[in-house]
Amino acid sequence: LASEKQKSKSKPVKRKIKNASILIIEDEHILRELLAQLFVSKGCQVVTVTSGLEGLRRLKRKKFDLVLADSKTLDVNGTGLVKKSKKMNRELPIVIMTRDETRDEFNKSNRSGADLVINKPLEMNKVVKQVTDVLMFKA
5 LASEKQKSKS KPVKRKIKNA SILIIEDEHI LRELLAQLFV SKGCQVVTVT SGLEGLRRLK
65 RKKFDLVLAD SKTLDVNGTG LVKKSKKMNR ELPIVIMTRD ETRDEFNKSN RSGADLVINK
125 PLEMNKVVKQ VTDVLMFKA
């Protein structure tokens, strides 16, 4: 009976991440592709861009369930990205990825309204869990 309860509890999480539409904003090619493949393998629909400005253009044209963005792209920092994205859609969950040496950016991103800030280097299984949690919390 306990194992049946555990199985039924995990189903909503799998359903929520499956078919989720995720915008990934990351200027590092390898990381961007790795994240895209990871979330596609979980059943997500993924759009990737290399800059914050392109990410904002995509947000104007398409509805996403979540944005996963680097805190420092060449054209827009994480704080600016969060603020501009939230102006378009206050309910849009935004997860910012940052390096330990950018602790100030981490704090600014939290204050600017990011739903979650995670540190690089990323642990991919942990990222999936964190994104799933944000999606479930914001649902």
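For this note's numbering, count along the sequence shown from 1 and bump the result up by 4.
Beta carbons: idealized from backbone N, C-alpha and C, even for Gly.
From a predicted model like this one, the values you see are computed outputs, not experimental measurements.
Query raised in the report: Helix, strand or coil for Asn93 per DSSP?
Result: Taking the first residue of the sequence shown as position 1, residue 93 is located at position 89. The answer is coil: DSSP assigns Asn93 none of H, G, I, E or B.
Query raised in the report: Considering Leu131, what are the terminal residues of the alpha helix (DSSP H) in which it resides?
Result: Counting from 1 along the sequence shown, the entry for residue 131 is found at position 127. It should be pointed out that residue 131 corresponds to Val in this sequence rather than to Leu. Here the alpha helix (DSSP H) through Val131 covers 128 to 142.
Query raised in the report: Got a sec? Which residues, its chain only, sit under 7 Å from Asp74 by beta carbon, not counting five neighbours each side?
Result: Within the sequence shown, residue 74 is the residue found at index 70, counting from 1. Correct list, in chain order: Ile29, Glu30, Asp31, Met101.
Query raised in the report: Taking all protein chains shown into account, do 16 or more other C-beta atoms lie within 10 angstroms of the C-beta of Phe141, making it buried, or fewer, making it exposed?
Result: Here residue 141 is taken as the residue at index 137 of the sequence shown, counted from 1. Counting Cβ neighbours within 10 Å, Phe141 comes out exposed, since fewer than 16 surround it.
Query raised in the report: Can you list, in chain order, the stretches of the beta strand (DSSP E) that have 3 or more residues and sit fully within the stretch 20 to 93?
Result: 25 to 29, 49 to 53, 70 to 74
Report task. Check the C-beta distance from Val44 over to Val53 and give it rounded, since I have them as a contact under 8 Å. Result -> Reading the sequence shown from its first residue, position 40 is the one you call residue 44. Reading the sequence shown from its first residue, position 49 is the one you call residue 53. Wrong, their Cβ atoms sit about 16 Å apart, outside the cutoff.
Query raised in the report: Leu57 and Val99: beta carbons closer than 8 Å?
Result: Stepping through the sequence shown from its first residue, residue 57 is reached at position 53. Stepping through the sequence shown from its first residue, residue 99 is reached at position 95. Contact flag unset, no.
Report task. Buried or exposed for Lys130, please, with buried defined as at least 16 other CB atoms from any protein chain shown within 10 angstroms of its CB. Result -> In the sequence shown, counting from the first residue as 1, residue 130 sits at position 126. With fewer than 16 Cβ atoms within 10 Å of its Cβ, Lys130 is classed as exposed.
Query raised in the report: Rounded to the nearest angstrom, how far is the Cβ of Leu72 from that of Ser89, given a contact under 8 Å?
Result: Stepping through the sequence shown from its first residue, residue 72 is reached at position 68. Stepping through the sequence shown from its first residue, residue 89 is reached at position 85. So it is not a contact: roughly 12 Å between Cβ atoms.
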